[in-house]
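Following: one structure in structure tokens, then a few remarks.
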Amino acid sequence: MRWWIVLSLALAACSGSGQEAIVVDTAGPGSSTSVAGPAPATAAGASTTTIPTMPSTTTARSVPLDPLLGLAYEEIASDLGFPVFVDAPSEDQRLFIVAKDGYIWVWRSGTILEDPFLDISDLVRNEGEQGLLGLAFDPSFADTGRFFVHYSDTRGDTVLASYYLSADPDRADPASGEVLFEADQPASNHNGGMLTFGPGGFLYLALGDGGRSNDAFGNGQRSDTVFAAILRFEVDPFRPAPGNPFDEVWSYGLRNPWRFSFDSDLVYIADVGQNTYEEIDVAPASQPGLNYGWPVTEGLHCFAPPSGCDVEGLTLPVLEVTHGDGGACSITGGYVYRGTEIPELSGHYFYSDYCGGWLRSFFWDGSGVTQPTDWTDDVGTLGAVTSFGTDAFGELYVTAGESVYKIVPVR
Ligand SMILES: [Ca+2]
């Protein structure tokens with residue numbers, strides 16, 4: 085049975101006109117998840133942005149559903165090496181499963197096709213945080229056959245490339261590859277990963293702070309570097325998106341935003357922390373130039389300096405997870421559920437942790453985190469949850485170990 089985390093929250097006011105860290109005390113049974121609210125940025129004297137409410141809408145159905153008793157994982161594919169993402173083009177019945185070693189596999193009618201959709205394993209360095217990390221289908225994929233990938237090349241540097249479908253609808257044309265953007269990575273870790281289309285029809289790419297620890301390369305608070313940032317591109321012609329505040333950069337101050345997602349006019353960013361705090365940011369997708377704080381802040385706390393940091397102008401997270409909470413060490417961002425099989429959870433954001441392997445969700449009501457829920461008693465713990473994914477109809481999937489699991493209702 086699922087259980088609801090009851091959180092009480094006290095937001096210690098900052099003295100000295102927003103010159104100090106926000107301290108959030110929480111008390112919840114078996115959880116150290118902290119939520120900020122309402123309007124954490126405002127409470128901190130940081131950027132005053134109004135985040136619109138996402139209503140919890142349910143999809144009209146002709147057949148009444150039995151009461152939702154809980155959730156379960158349904159393993160849909162296994163033996164995939166190191167799957168790190170699941171996605172699908174619009175209205176496509178297939179799933180495309182990204183494996184870190186440089187393969188994209190097609191799942192169709194319950195099975196993985198024998199031949200990969202794409203094999204760029206000879207272009208990819210698959211070590212640690214390096215590998216094939218992201219996939220995004222052109223919103224007009226059905227017409228253009230074009231899709232985009234993000235990977236670490238054989239030198240470990242970041243590449244954003246596009247490919248086209250071949251004459252076989254289940255195979256890409258490997259000769260169609262075109263490198264669109266590259267970044268020399270100063271270290272092997274914190275390569276970011278997420279690649280997705282979003283508001284404006286633009287392509288968004290997450291890159292980490294360059295790596296090592298303590299923002300060693302000083303990229304976190306720089307808006308003139310592609311690191312520690314979410315980049316935004318127009319794809320046809322390929323160029324930095326018009327309206328970007330700083331060349332390719334759409335937002336910055338991020339340590340390692342491995343996964344982020346859009347839900348209507350909001351962006352949900354899961355930024356991996358360093359020593360103590362993992363975080364989830366929710367912000368208006370229409371607002372470019374937001375600074376998410378790293379390394380001034382880690383989660384809702386000062387990081388550098390360790391106390392008395394200036395959070396003026398920073399967009400602070402709506403939720404943080406303390407290391408060790410359910411074994412947490414590295415947050416894995418997911419999606420707001422917009423499928424049809426679990427209408428009770430429409431609008432709820434799901435996330436996990438690479439070390440903790442649990443499954444949690446919350447509902448963002450426009451000003452604060454509500455209905456925080458831990459589903460782990462239902463679904464069990466998966467080791468090494470690397471990512472979430474969606475199919476074309478909004479159902480949610482999790483990649484963990486060598487397998488892909490669908491989140492399904494228990495009624
Ligand atoms: Ca942050």
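In the numbering used here, each residue's number is its place in the sequence shown (first place is 1) plus 84.
C-beta atoms are modelled at their ideal positions from N, C-alpha and C, and glycine is treated no differently.
Per-residue DSSP class, three states only, for residue i
i, result
"residue 474", "strand"
"residue 480", "strand"
"residue 283", "helix"
"residue 114", "Here residue 114 scores only 39 on pLDDT, less than 50, and its place in the model should not be relied on; the value that follows carries that caveat. Residue 114 falls in the coil class under three-state DSSP."
"residue 172", "coil"
"residue 166", "coil"
"residue 101", "Caution applies to residue 101, whose pLDDT of 33 falls short of 50 and renders its modelled position unreliable; the model cannot decide the point."
"residue 161", "strand"
"residue 266", "strand"
"residue 155", "strand"
"residue 493", "strand"
"residue 183", "strand"
"residue 192", "strand"
"residue 147", "coil"
"residue 487", "strand"
"residue 271", "coil"
"residue 290", "strand"
"residue 129", "Confidence at residue 129 is low in this model, with a pLDDT of 36, below 50, so its placement is unreliable and the value that follows should be read with caution. The answer is coil: DSSP assigns residue 129 none of H, G, I, E or B."
Residue i Cβ short of 8 Å to ligand 1 heavy atom set
i, result
"residue 378", "yes"
"residue 362", "no"
"residue 39", "Outside the displayed range of the chain (85 to 495) lies residue 39, so it cannot be described from this structure."
"residue 338", "yes"
"residue 382", "yes"
"residue 293", "no"
"residue 299", "no"
"residue 461", "no"
"residue 241", "no"
"residue 496", "Any answer about residue 496 is impossible in this case: the structure gives the chain only from 85 up to 495."
"residue 203", "no"
"residue 365", "yes"
Beta-carbon contacts of residue i that lie in its chain and below 6 Å, excluding the five residues immediately before and after
i, result
"residue 248", "229, 230, 257, 260"
"residue 299", "293, 379"
"residue 353", "341, 344, 365"
"residue 346", "282, 369"
"residue 157", "463, 489"
"residue 189", "181, 196, 200"
"residue 454", "447"
"residue 240", "209, 214, 269, 272"
"residue 429", "421"
"residue 65", "As shown, the chain starts at 85 and ends at 495. That puts residue 65 outside it, with no answer to give."
Own chain residues within Cβ distance below 8 Å of residue i, not counting five before or after
i, result
"residue 381", "105, 387, 393, 395, 398, 400"
"residue 476", "172, 173, 174, 175, 176, 177"
"residue 297", "358"
"residue 445", "421, 429, 432, 433, 434, 435, 455, 456, 457, 459"
Whole-number beta carbon distance between residue j and residue i, since they are thought to touch under 8 Å
i, j, result
"residue 328", "residue 372", "6 Å"
"residue 216", "residue 186", "5 Å"
"residue 338", "residue 313", "6 Å"
"residue 484", "residue 494", "With 8 Å as the limit, residue 484 and residue 494 do not qualify as a contact, their Cβ atoms being about 19 Å apart."
"residue 315", "residue 288", "7 Å"
"residue 433", "residue 472", "The Cβ separation is near 10 Å, so there is no contact."
Other residues of its chain near residue i: CB distance less than 7 Å, five sequence neighbours each side excluded
i, result
"residue 479", "423, 425, 490"
"residue 255", "199, 201"
"residue 356", "339, 340, 342, 362, 414, 415"
Test: residue i CB closer than 9 Å to a CB of chain B
i, result
"residue 464", "No chain B appears in this structure, which consists of one protein chain only."
Check: residue i C-beta below 8 Å from any heavy atom of ligand 3
i, result
"residue 394", "Looking for ligand 3 in the displayed structure turns up nothing; the ligands present are ligand 1."
Handout entry: Segments of 3+ residues assigned as beta strand (DSSP E) that fall wholly inside the region 408-477
Key = With a minimum length of 3 residues, the continuous beta strand (DSSP E) runs that stay inside the region 408-477 are 415-420, 432-437, 444-448, 453-458, 469-474.
Problem - Within the region 302-344, ranges of the beta strand (DSSP E) (whole runs, at least 3 residues) - result: Counting only runs of 3 or more, we get 313-319, 322-324, 333-336.
Exercise for the section: Please go through the region 196-263 and give each complete beta strand (DSSP E) segment of 3 or more residues, from N-terminal end onward. Expected result: Considered as a whole, the region 196-263 harbours 216-221, 230-236, 242-249 as its complete beta strand (DSSP E) runs of no fewer than 3 residues, in chain order.
Problem - Runs of beta strand (DSSP E) lying entirely within the region 345-419, each at least 3 residues, in chain order - result: Taken in chain order, the whole beta strand (DSSP E) runs of length 3 or more contained in the region 345-419 are 350-355, 361-368, 403-406.
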